[in-house]
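Under our numbering, the first residue of the sequence shown is numbered 166, with each subsequent residue one higher.
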Amino acid sequence: MIYLDANATTPPDPAVIEAMLPFLSQHYGNASSSHAAGRHARRAVENARKQVATLIGADESEIIFTSGATESINSVLLSARHTCPDRSLLIISATEHPATLECAERWQAQGGQVKVIPVHQTGLLDLEALKTALIPGETALVSMLWANNETGVIQPMTEIAALAHSAGALVHADAVQMLGKLSVDVRDAGVDFLSLSGHKMHTPKGIGALFVSHHAPFQPMIIGGGQEKERRSGTENVPGIVALGKAAELAMISHIDMQPLRDALEQQLLAALPELEIHSQSAPRLPNTSSIHFPGVDAAALLIRLDQKGLACSGGSACHTASLHPSHVLEAMGYDARHAASTLRFSLSRLNTEAEIPQAAQAIIAAVHHLRAQWDPSVVVTMA
166 MIYLDANATT PPDPAVIEAM LPFLSQHYGN ASSSHAAGRH ARRAVENARK
216 QVATLIGADE SEIIFTSGAT ESINSVLLSA RHTCPDRSLL IISATEHPAT
266 LECAERWQAQ GGQVKVIPVH QTGLLDLEAL KTALIPGETA LVSMLWANNE
316 TGVIQPMTEI AALAHSAGAL VHADAVQMLG KLSVDVRDAG VDFLSLSGHK
366 MHTPKGIGAL FVSHHAPFQP MIIGGGQEKE RRSGTENVPG IVALGKAAEL
416 AMISHIDMQP LRDALEQQLL AALPELEIHS QSAPRLPNTS SIHFPGVDAA
466 ALLIRLDQKG LACSGGSACH TASLHPSHVL EAMGYDARHA ASTLRFSLSR
516 LNTEAEIPQA AQAIIAAVHH LRAQWDPSVV VTMA
């Protein structure tokens, strides 16, 4: 299989698995226990905390381990609602991840106000609209997806944070797609909260982290035994935490640039199918992500055809119960549902190889020709 769906999840790195395996077998102590086995687990947890903090330019004490970014996002938005009771306004973008969109609906259902900032056709946030939406004294939180999971568009987080802070609002960055692909520094960005998920950077699923600035108020969502310095209770997932720490370490020392592979894939597809449209080409994009519109081709059928030929990709976000759905991201960018229904996303990881790119391109081109021939019998299919 050629795996081009890394924005949905990444294959676990063998070095990450090797690091966590001992904590699934001989080092099984509870990190809150005071005996030797527990202390060994605690040291591993704190070492991982340091690794994650170093990756994003934070202090170790500002890192909270969670089950993943969805929990982290929920924690931030629930906390902001409780710690800023006199500020009822939440601001998000029109292209947010479903976790944030659902949290925003709950915010509104509980009596809060939500403003959704539009994006330009490139997918970049309308900063003028953000300036207008911000109300000093009323805005509790600005929560933004830093890099879009469908198109790869990277938002100007430093500018967003500066505008939000000028209105006295807190800032949360969903950095799930950023980590392991581009450098992230929470101080330079100026964010108060940052969410990340391990399985998007080569760990097994079920582990993530939340950065909470020393200066930001925070009320825990999960209470109980007081783990994570009473900011997230529950027995620590030591193997997962170790895995996340190792993945953070690898992200810091790995300098593999995925953009040449992504660009080569796009160029080879456009050479054979010049009618294709690559979304957000003029905007800053993640180096691994390509959202492509295939005119006259049903994306669901193309996805199935490629899967049969051993190529894994996506119709967009994988974070819905259905794998294919009308893309709210593309619709927010001005495209209609029909356009979105002919779009696939290809997302690489640092484990993809140069040799896979021409193979993938050939498979995609052949599948498009095949489906078009089925749709229109008059089409003459030519094979290279």
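Where a beta carbon is used, it is the ideal one built from N, C-alpha and C, also for glycine.
Quiz item: Mind checking Thr235: buried by the 16 CB within 10 Å criterion, or exposed?
Solution: buried
Exercise. Decide if Met322 is buried, meaning its Cβ has at least 16 other Cβ atoms within 10 Å, or exposed.
Key: buried
Exercise. Identify, in the order they occur along the chain, each residue of the same chain with its Cβ nearer than 7 Å to the Cβ of Asn212, setting aside the five sequence neighbours on each side.
Key: Gly410
Practice problem: Please confirm whether Ile238 and Asp339 have their CB atoms less than 8 Å apart. | Solution: yes
Exercise. Please go through the same chain and pick out, in chain order, the residues whose beta-carbon is closer than 6 Å to the beta-carbon of His364, but skip the five residues on each side of it.
Key: Thr174, Lys370
Quiz item: Got a sec, what are the start and stop residues for the beta strand (DSSP E) Thr231 sits in?
Solution: 228 to 231
Quiz item: CA-CA distance, Ser488 and Ile529?
Solution: Any reading at Ser488 needs caution, since the residue's pLDDT is 46, under 50, leaving its predicted position unreliable; the model's value is listed next. Each residue's Cα considered, the two are about 19 Å apart.
Quiz item: Three-state secondary structure (DSSP) at Thr235?
Solution: helix
Quiz item: Which class does Tyr168 belong to by DSSP, given the choice of helix, strand or coil?
Solution: strand
Exercise. Give the straight-line distance between the Cα atoms of Gly203 and Glu315, rounded to the nearest whole angstrom.
Key: 41 Å
Quiz prompt | Ser445 classed as buried or exposed, judged by whether at least 16 other C-beta atoms fall within 10 angstroms | solution = buried
Exercise. Give the secondary structure of Val181 by DSSP, where H, G and I count as helix, E and B as strand, and everything else as coil.
Key: helix
Quiz item: Based on Cα-Cα distance, which residue from Leu306, Thr260, Gln275 lies nearest to Gln286?
Solution: Thr260
Quiz item: Comparing alpha-carbon positions, which option in Leu509, Ala326, Ala520 lies nearest Val533?
Solution: Leu509
Quiz item: Hey, quick one: how far does the beta strand (DSSP E) through Ser331 stretch, first residue to last?
Solution: That residue, Ser331, is in no beta strand (DSSP E); its alpha helix (DSSP H) goes 322 to 331.
Quiz item: Nearest to Thr304 by CA position, among His330, Ile406, Pro187, is which residue?
Solution: His330
Quiz item: For Met423, does the count of other Cβ atoms within 10 angstroms reach 16, so buried, or fall short, so exposed?
Solution: buried
Self-check item: Contact set for Cys484: own chain, Cβ-Cβ below 6 Å, skip 5 residues either direction
Solution: Note that Cys484 has pLDDT 49, beneath the 50 cutoff, so the model's placement of it is unreliable and no number is given.
Self-check item: Coil, strand or helix - Ile443 by DSSP
Solution: strand
Exercise. Note down, in chain order, each residue of its chain lying with its Cβ closer than 7 Å to the Cβ of Gln273, except the 5 sequence neighbours on either side.
Key: Val279
Quiz item: Tell me, which residues are paired with Lys280 by DSSP?
Solution: Ile256
Self-check item: CB of Leu467 within 8 Å of CB of Leu536, strictly
Solution: yes
Quiz prompt | Same chain, Cβ closer than 6 Å to Gly333, five either side skipped, listed in chain order | solution = Pro301
Practice problem: State yes or no: is the C-beta of Leu513 within less than 8 Å of the C-beta of Arg427? | Solution: yes
Practice problem: Provide the residue(s) that pair with Arg510 in DSSP beta bridges, ordered along the chain. | Solution: Ser456, Ser479
Practice problem: Determine the closest residue to Leu451 out of Leu310, Ser240, Gly276, with distance taken between C-alpha atoms. | Solution: Leu310
Self-check item: Exposure label - Gly277; buried when at least 16 CB within 10 Å
Solution: buried
Self-check item: Sequence-distant residues of the same chain with beta carbon closer than 7 Å to Met366, five excluded per side
Solution: Thr175, Leu344, Gly345, Ala412, Ala416
Self-check item: Thr486 to Leu266 span [Cα, whole Å]
Solution: Reliability fails at Thr486, whose pLDDT of 40 lies under 50, so the model's placement of it is uncertain and the value that follows must be treated cautiously. Looking at the two C-alpha atoms, the distance is approximately 15 Å.
Quiz item: Out of curiosity, what's the CA-to-CA distance linking Phe376 and Gly355?
Solution: 12 Å
Self-check item: Under 8 Å between C-beta atoms of Leu359 and Ala245
Solution: no
Quiz item: Cβ atoms of Ile372 and Gly405: under 8 Å apart, would you say?
Solution: yes
Self-check item: With 16 other Cβ atoms within 10 Å as the buried cut-off, status of Ser240
Solution: buried
Self-check item: Sub-8 Å separation of Ala218 and Ile229 beta-carbons
Solution: no
Self-check item: CA-to-CA distance, Asn402 to Pro177, given in whole angstroms
Solution: 17 Å
Quiz item: Using the beta-carbon count (16 or more within 10 Å), is Gly499 buried or exposed?
Solution: exposed
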